[in-house]
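Undergrad:
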Amino acid sequence: MHGLTATRRYVVMGSRLLARSGLRVVAYDARGHGSSAPAGDTRAYGYELLERDLQAVLDGLGLSRVLLAGASMGAHTALRFALAHPERVRALCLITPAYDPAAREDPAALAAWDALARGLRTDGVEGFVRAYDLATVPARWRTTVEQVLRQRLAAHEHPAAVADALEVVPRSRPFQSMGELAGVAAPTVVVASRDEADPGHPLAVGERYARAIPRARLVVEEEGSPIAWRGGALSGVILDLARGAQEAAGPPAQHT
Numbered sequence: 265m266h267g268l269t270a271t272r273r274y275v276v277m278g279s280r281l282l283a284r285s286g287l288r289v290v291a292y293d294a295r296g297h298g299s300s301a302p303a304g305d306t307r308a309y310g311y312e313l314l315e316r317d318l319q320a321v322l323d324g325l326g327l328s329r330v331l332l333a334g335a336s337m338g339a340h341t342a343l344r345f346a347l348a349h350p351e352r353v354r355a356l357c358l359i360t361p362a363y364d365p366a367a368r369e370d371p372a373a374l375a376a377w378d379a380l381a382r383g384l385r386t387d388g389v390e391g392f393v394r395a396y397d398l399a400t401v402p403a404r405w406r407t408t409v410e411q412v413l414r415q416r417l418a419a420h421e422h423p424a425a426v427a428d429a430l431e432v433v434p435r436s437r438p439f440q441s442m443g444e445l446a447g448v449a450a451p452t453v454v455v456a457s458r459d460e461a462d463p464g465h466p467l468a469v470g471e472r473y474a475r476a477i478p479r480a481r482l483v484v485e486e487e488g489s490p491i492a493w494r495g496g497a498l499s500g501v502i503l504d505l506a507r508g509a510q511e512a513a514g515p516p517a518q519h520t
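Set out below in structure tokens:
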């Protein structure tokens with residue numbers, strides 16, 4: 265499951281490793297993103313509804329127990345689903361989670377999200393990129409970040425719906441307290457990134473998730489670009505998790 269403003273193609277970045285290894289891979293565009301239809305209500309992009317969408321996808325495909333992998337918004341959605349339906353989750357891969365229930369709502373951060381939404385509504389991809397303020401990105405990553413932003417924003421059939429989601433998702437709470445994560449029973453990998461490359465997904469938040477989830481381990485790149493940006497490396501992490509879950513629980517898991 266992808267992050268806010270991304271599409272289903274921006275999780276393992278086109279890597280075929282999981283499918284070639286025999287796993288069934290299911291990916292979908294979240295409501296309003298990619299080729300998915302906008303929500304009927306411009307405010308209907310919160311985590312409660314994102315979780316319901318995930319359940320509908322699994323039910324529609326007849327998938328009873330799966331490995332869930334999600335990035336950012338997708339990670340929060342997967343975690344919310346795992347807390348509500350532990351019997352359906354064989355394993356979890358939480359990629360660059362950013363939501364911290366202990367942090368106070370930051371008016372400046374919300375204003376930045378709103379500025380991105382306005383930019384996208386008024387001037388499309390160019391407006392979003394201007395509002396993103398690439399000057400704040402370290403020089404070594406700036407070209408990569410701009411390229412990815414432009415590519416993934418151009419992939420949306422309904423950019424106005426993405427703008428709606430930009431205003432709603434950052435104000436939505438996938439769960440209420442870090443203590444709830446003690447209830448996650450599935451083996452979990454938290455893939456975090458170092459702050460220089462990806463300050464919007466703080467390493468400290470990933471570390472807190474890994475400490476709070478009983479069967480979690482943390483994976484972070486030693487150097488170079490983040491694992492979350494490298495589809496082959498990320499797929500390898502997911503594959504190792506899937507194999508471990510299979511050994512512990514029997515029949516192969518589907519991967520969503």
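Residues are numbered in my numbering as their position in the sequence shown, beginning at 1, plus a constant of 264.
In this text, a Cβ means the ideal position worked out from N, Cα and C, and glycines have one as well.
Counting pairs of Cβ atoms below 8 Å between the stretch 271-282 and the stretch 412-421, do you hit three or more?
TA: yes
Undergrad: Can you tell which of Ala362, Glu351, Asp317, Ala372 has the C-alpha that lies nearest to the C-alpha of Pro463?
TA: Indexing the sequence shown from 1 puts residue 463 at position 199. Checking every option, the nearest Cα to that of Pro463 belongs to Ala362.
Undergrad: Would you mind sorting Arg479 into buried or exposed? The rule is 16 or more other CB atoms within 10 Å of its CB.
TA: As a working mapping, residue 479 is identified with position 215 in the sequence shown. Under this definition Arg479 is an exposed residue.
Undergrad: Quick one: what does DSSP say Thr452 is sitting in, helix, strand or coil?
TA: Sequence index remark: in the sequence shown, residue 452 carries index 188 (1-based). Note: Thr452 maps to strand in three-state DSSP.
Undergrad: Considering only the beta carbon of each residue, do Asp387 and Thr306 sit closer than 8 Å?
TA: Stepping through the sequence shown from its first residue, residue 387 is reached at position 123. Stepping through the sequence shown from its first residue, residue 306 is reached at position 42. Contact: no.
Undergrad: With a threshold of 8 Å, are at least 3 pairs of Cβ atoms found where one atom belongs to the stretch 295-304 and the other to the stretch 440-456?
TA: no
Undergrad: So is Arg406 buried or exposed if we call it buried at 16+ other beta carbons inside 10 Å?
TA: Translated into the one-based positions of the sequence shown, residue 406 becomes position 142. By the 10 Å Cβ count, Arg406 comes out exposed.
Undergrad: When you compare each of Ala450, Asp504, Val483 to Leu347 by their alpha carbons, which one comes out closest?
TA: One-based indexing of the sequence shown puts residue 347 at position 83. Here the closest residue by C-alpha is Ala450.
Undergrad: At the level of alpha carbons, what is the spacing between Met442 and Thr341?
TA: Stepping through the sequence shown from its first residue, residue 442 is reached at position 178. Stepping through the sequence shown from its first residue, residue 341 is reached at position 77. Straight-line Cα distance between these residues: approximately 15 Å.
Undergrad: Excluding five sequence neighbours on each side, which residues of the same chain lie with their C-beta closer than 6 Å to the C-beta of Asp293?
TA: The residue you call residue 293 lines up with position 29 of the sequence shown. Excluding sequence neighbours, Asp293 sits near Thr271, Arg272, Ser299, Ser300.
Undergrad: Please go through the stretch 357-428 and give each complete alpha helix (DSSP H) segment of 4 or more residues, from N-terminal end onward.
TA: 371-396, 403-417
Undergrad: Using a 10 Å radius around the Cβ and a threshold of 16 neighbouring Cβ atoms, would you call Thr400 buried or exposed?
TA: Working through the sequence shown from its first residue, we reach residue 400 at position 136. Looking at its Cβ environment, which holds fewer than 16 other Cβ atoms inside 10 Å, Thr400 is exposed.
Undergrad: Determine the direct distance from the alpha carbon of Arg394 to that of Ala509, and round the result to whole angstroms.
TA: Indexing the sequence shown from 1 puts residue 509 at position 245. Indexing the sequence shown from 1 puts residue 394 at position 130. Answer to the nearest angstrom: the Cα atoms are 43 Å apart.
Undergrad: Could you have a look at Arg307 and say whether DSSP puts it in helix, strand or coil?
TA: Mapped onto the sequence shown, residue 307 falls at position 43. In the structure shown, Arg307 adopts coil according to DSSP, grouped into three states.
Undergrad: With 16 other CB atoms within 10 Å as the buried threshold, where does Ala355 fall?
TA: Taking the sequence shown and counting its residues from 1, one reaches residue 355 at position 91. Looking at its Cβ environment, which holds 16 or more other Cβ atoms inside 10 Å, Ala355 is buried.
Undergrad: Skipping 5 residues on each side, what residues in its chain have a beta carbon closer than 6 Å to that of Phe345?
TA: The residue labelled residue 345 in the question sits at position 81 within the sequence shown. Result list for Phe345: Glu315, Leu318, in chain order.
Undergrad: Count the other CB atoms within 10 Å of the CB of Thr408; is the residue buried (16 or more) or exposed (fewer)?
TA: Position 144 of the sequence shown, counted from the first residue, corresponds to residue 408. Burial call: exposed.
Undergrad: Compute the Euclidean distance between the alpha carbons of Pro423 and Leu384, then round it to the nearest angstrom.
TA: Here residue 423 corresponds to residue number 159 of the sequence shown, with the count starting at 1. Here residue 384 corresponds to residue number 120 of the sequence shown, with the count starting at 1. Rounded to the nearest angstrom, the two C-alpha atoms are 7 Å apart.
Undergrad: Give a single yes or no on whether Met277 has its beta carbon closer than 7 Å to a heavy atom of the ligand FMN.
TA: The ligand FMN is not among the ligands present in this structure, which contains no ligands whatsoever.
Undergrad: Please tell me whether Ala333 and Gly267 are closer than 8 Å, where the distance is taken between their beta carbons.
TA: Numbered from its first residue, the sequence shown carries residue 333 at position 69. Numbered from its first residue, the sequence shown carries residue 267 at position 3. No, they are not a contact pair.
Undergrad: Where Tyr309 and Pro466 are concerned, what is the direct C-alpha to C-alpha distance, given to the nearest angstrom?
TA: Here residue 309 refers to the residue found at position 45 of the sequence shown. Here residue 466 refers to the residue found at position 202 of the sequence shown. If I take the Cα positions, the gap works out to 23 Å.
Undergrad: Kindly list the residues whose CB is nearer than 6 Å to the CB of Ala425, restricted to its own chain and excluding five residues on each side of it in sequence; keep chain order.
TA: Within the sequence shown, residue 425 is the residue found at index 161, counting from 1. Counting only Cβ-Cβ distances below 6 Å, and skipping sequence neighbours, we find Gly296, Pro302.
Undergrad: I believe Leu398 touches Glu390 by the beta-carbon criterion, under 8 Å. Please report the beta-carbon distance rounded to the nearest angstrom.
TA: Start at 1 with the first residue of the sequence shown, and residue 398 comes out as number 134. Start at 1 with the first residue of the sequence shown, and residue 390 comes out as number 126. Taking a contact as a CB-CB distance under 8 Å, the pair Leu398 and Glu390 does not count as one, their CB atoms being some 12 Å apart.
Undergrad: If we call anything under 8 Å between Cβ atoms a contact, is Gly495 one with Gly278?
TA: Mapped onto the sequence shown, residue 495 falls at position 231. Mapped onto the sequence shown, residue 278 falls at position 14. In this structure, Gly495 sits near Gly278, with a CB-CB distance shorter than 8 Å.
Undergrad: Grouping DSSP H, G and I as helix and E and B as strand, with all else coil, what is Leu331?
TA: Looking up residue 331 in the sequence shown gives position 67. The answer is strand: DSSP assigns Leu331 an E or B state.
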